[in-house]
Structure formats: structure tokens, C-alpha cells
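With our numbering, the residue at position 82 of the sequence shown is 156, and numbering never jumps.
Positions of the beta carbon are idealized from the N, C-alpha and C atoms, including for glycine.
Structure first, then comments.
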Amino acid sequence: MKTSLFKAATLAAVLSLSSLAAHAQDAALKIGYVNGERVLRESNLAKAATAKLQAEFTKREKDLADLDAKMRAAADKLDKDAPTLSEAERTKRQRDIAEQSRDLQRRQRELQEDETQRKNEELSAIVDKANKVIKQIFDQGHYDLILQQDSIIFAAPRIDITQKVLDALNAQK
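See below:
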């Protein structure tokens with residue numbers, strides 16, 4: 075009797091485990107991940123934004139470099155002429171150079187702030203478009219989960235959908 079009870083319990087356990095395994099196989103998750111840095115670096119949108127920003131700020135950067143060169147030349151001239159200048163003239167030139175230096179620093183700070191703001195605006199637009207593309211891939215590919223690569227410790231390359239995202243982004247007009 076104990077033997078038949080044990081056999082019945084074992085049979086019930088085997089049947090329930092096989093049923094559970096079959097159910098788990100049917101409910102397999104489809105997971106993908108995206109390398110966001112690669113998308114922001116390699117997409118045509120990112121390359122176009124980089125070129126646009128560079129063109130937008132090149133003139134101001136050149137103007138600042140010219141202003142810096144002019145200020146340095148004035149400082150060198152002051153050092154060279156200092157022994158022959160009157161105290162009043164030397165003080166006046168020192169003040170002029172200090173004022174030019176403050177103006178240069180202010181302009182450099184403004185340029186850096188403007189560049190940062192514009193870069194963030196461009197990146198935000200690219201991220202929005204990339205997120206829409208990722209959502210489309212998610213829906214069309216019937217994914218259960220798509221992660222950012224930054225949050226992954228280990229993953230098989232076969233679940234990397236970064237190239238799909240790049241291809242879809244680059245196909246957009």
C-alpha cells in the first residue's frame with residue numbers, strides 16, 4: 075500500500091512538473107537591448123546634428139580665438155614696452171588687458187552654455203525619434219522587454235537590436 079501511494083504521488087509530481095515545464099516554454103520572454111550611446115553616435119541624425127552644431131558655432135569660436143590672440147599680443151607688447159612706459163600708461167594698458175580678459179572669459183562661458191544647450195536640444199530630438207523607433211520595433215517584433223545596454227551586466231549578442239534601431243532611424247527622412 076505504501077508503495078502504490080508513493081508511485082501515485084511520484085506520478086502526480088511528474089505530471090505536474092511536465093505540465094509546468096510546457097507552460098513555461100510557451101510563455102518564453104522575448105527580450106532585446108539597445109546600445110543608446112551607439113545610436114547617438116552612429117545614426118545619420120546624430121551625424122547631421124553634429125555637423126549642424128559645428129557649423130553653427132564655428133564663427134563664434136574663431137572670433138574668440140582671434141580675441142584671445144589679440145589680448146595675448148597686447149600683454150606681450152606691454153611686457154616688452156613696460157620699461158619705457160610711464161606709470162599711468164602701464165596701469166592703463168594693464169586695465170585694458172584685464173578688461174579684455176574678463177570679456178573673453180565671459181564670452182567663452184556664454185559660448186559653452188549656448189553649445190551645451192543646443193547639443194541637449196539636438197540630443198533630445200534624436201532620443202525622441204529613437205524611442206519611437208524602438209517602440210515600433212517592440213510592437214512589430216512582439217517583444218516583452220527592451221532594455222538599455224547600460225543596465226545590463228551580461229547579454230547574448232543575439233538579443234542586441236541596436237543595428238535594427240540604427241537601420242530604422244537612418245531610413246527615416
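Please classify residue i as buried or exposed, where buried requires at least 16 neighbouring CB atoms within 10 angstroms.
i: Thr132; result: exposed
i: Ala242; result: buried
i: Val201; result: exposed
i: Ala123; result: buried
i: Ala120; result: buried
i: Ala229; result: exposed
i: Gly215; result: exposed
On the premise that residue j lies in contact with residue i, defined as a C-beta separation below 8 angstroms, what is that separation, rounded to the nearest angstrom?
i: Leu185; j: Glu135; result: 7 angstroms
i: Ser117; j: Asn244; result: 6 angstroms
Just the Cα atoms here: how many angstroms apart are residue i and residue j?
i: Ser198; j: Arg232; result: 28 angstroms
i: Lys104; j: Ile226; result: 15 angstroms
i: Asp177; j: Leu159; result: 25 angstroms
i: Lys247; j: Ala102; result: 36 angstroms
Quick check on the DSSP output: the alpha helix (DSSP H) that includes residue i runs from which residue to which?
i: Gln186; result: 161-214
i: Lys133; result: 118-155
i: Thr236; result: 236-245
Please list, in chain order, all residues of the same chain as residue i whose beta carbon is under 7 angstroms from its beta carbon, the five residues on each side excluded.
i: Val108; result: Ile208, Ile220, Gln222, Gln223, Ile235, Thr236, Val239
Check for me: the beta strand (DSSP E) holding residue i runs from which residue to which?
i: Gln222; result: 219-222
i: Ile105; result: 105-108
Say yes only if the C-beta of residue i is nearer than 7 angstroms to one or more non-hydrogen atoms of the ligand FAD, and no if none qualify.
i: Ala242; result: Among the components of this structure there are no ligands whatsoever, and the ligand FAD is therefore not found.
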